[in-house]
Amino acid sequence: MNGTRHGSATIGFPSDREVLVTRQFDAPAELVFDVLTKPEHVRMWFGAKELEVCEIDFRVGGKYHFVGFVMDGDTATCSFRGTYLEIERPVRLVGTWVFDGRPDAEAMETVELREEDGVTTMTDRLAFKDRATRDSMTWAAADGLHADEGGQVGLDRLEDYLTTLA
Amino acid sequence: MARASTTSDVFNAVADAHRREILDALITGEKPVGAIVNDLSMSQPQVSKHLRVLSEVGLVSCRAEGRRRLYRLEPAHLQPMHTWLAKYERAINERLDRMDDYLQDLQRRERMR
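Residue numbers (the numbering used here), protein chains in the order written: chain A, 184 to 349; chain B, 55 to 167.
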């Protein structure tokens, strides 16, 4: 059955400069890891349509480059690239992460997978260099990845307010 | 994009760490300025200045009780931030839902082989 876990990703801001996304998948960790790292898989799901460019040189020090429409209804193509720094199949993947619209806002991305009873929990942590960079990038993502409209938004501890006041 | 002034934009009003501390202090309930000053390491003029900004964007309201003025949190005015976070969450969920569907399709095809 598709769709039973749709919309279940949780988003947190564990520190001033980080974004942490957590999501579970009904699949073994090895398969989740391959779907995150093999170009024939990534090109099928990363963008709203099949990616135009999906280059992956999967080794420590190797680079990746994805270009495509990232969100439904988005009219601009988006380009992401980075370098793999740590590869430990199927539990851990570390690399740099750069959105080409904002090359100054490079982040360190750490993906960790933990499988239990056939369910794999993925955590995807993006660590930016400071809070202002993180806030401007998350703001840009919310605004359809029009990165130049970002900036200036302080969202420190926003999640505390949302949970406390809901 | 021009930056909105602190007095018209909730995002900018809460961008200041001191103003967030004041909002935190009001989570437990209505308080006079003096109680906020006691809770936080800020001077009374500083707290009053920040309360004025928070009042202007509607995050804090004020009523008189005898000679005291009591300040309270107005969480409904955080709505623009809820809307923003919901949009960000939707963008991330769209991608991870596609990944989920793809994983399920792969496994279904594998079982049928």
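Just so you know, even glycine gets a beta-carbon here, dropped at the ideal spot from N, CA and C.
Computed from a prediction, not measured in an experiment: that's the story for all the values here.
Membership of T220 of chain A in the alpha helix (DSSP H) is indicated by the continuous run A212 to T220. A distance below 8 Å between beta-carbons, with the five flanking residues on each side excluded, links L105 of chain B to the following residues of its chain, in chain order: I76, V87, I90, V114, C116 and Y125.
The C-alpha of E295 of chain A lies about 53 Å from the C-alpha of A118 of chain B.
Interface residue (Cβ-Cβ distance to chain B less than 9 Å): G190 of chain A is classified as such. Within a 10 Å sphere around the beta-carbon of I239 of chain A sit 16 or more other beta-carbons, which makes this residue buried.
Under a criterion of Cβ atoms nearer than 9 Å, no residue of chain A is adjacent to E110 of chain B; the nearest Cβ is some 17 Å distant. Taking C-beta separations shorter than 6 Å and ignoring five residues to either side along the sequence, the partners of F249 of chain A in its chain run F229, L234, C237 and F263, following chain order.
Between the region 199 to 214 of chain A and the region 293 to 310 of chain A there are three or more C-beta pairs closer than 8 Å, enough to call the two in contact. For F263 of chain A, the secondary structure class from DSSP, reduced to helix, strand or coil, is strand. The alpha-carbon separation between A145 of chain B and P286 of chain A amounts to approximately 21 Å.
Collapsing the DSSP output to three states places S115 of chain B in a strand.
Bounds of any alpha helix (DSSP H) do not take in T193 of chain A; it lies within the beta strand (DSSP E) bounded by T193 to G195. Considering only B:M166, B:R165, B:R167 and B:Q158, the residue with the shortest C-alpha distance to M227 of chain A is B:Q158. Straight through space, the alpha carbons of R242 of chain A and T303 of chain A are spaced by roughly 23 Å. For Y142 of chain B, at least one C-beta of chain A is nearer than 9 Å to its own C-beta.
Comparing C-alpha distances from R123 of chain B to each of B:S109, B:R149, B:I81 and B:M96 shows the shortest one belongs to B:S109. Among the residues of the region 153 to 166 of chain B, those with a Cβ less than 8 Å away from any Cβ of chain A are M153, D154, D155, Y156, L157, Q158, D159, L160 and Q161, in the order of the chain.
Comparing alpha-carbon positions, the option among A:D283, A:T193 and A:G244 lying closest to Y267 of chain A turns out to be A:G244. At the C-beta level, D199 of chain A and R317 of chain A come within 9 Å of one another.
Against chain B, the CB of T260 of chain A has no partner CB under 9 Å away; the residue lies outside that interface.
Taking 9 Å as the Cβ-Cβ cut-off, the region 90 to 121 of chain B has no residue approaching chain A. Within the region 69 to 91 of chain B, contact with chain A at the beta-carbon level (separation under 9 Å) is assigned to A69, D70, A71, R74, L77, D78 and I81.
Under a 10 Å Cβ-count criterion, N66 of chain B is classified as buried, with 16 or more other Cβ atoms of the shown protein chains found around its own Cβ. Comparing C-alpha distances from K221 of chain A to each of A:G265, A:Y247, A:R314 and A:M305 shows the shortest one belongs to A:Y247.
Around the beta carbon of D154 of chain B, 16 or more other beta carbons lie within 10 angstroms, which makes this residue buried. Of the residues A:R275, A:R308 and A:R314, the one whose Cα lies closest to the Cα of V202 of chain A is A:R308. By the C-beta density criterion, T321 of chain A is buried, having at least 16 other C-beta atoms within 10 angstroms.
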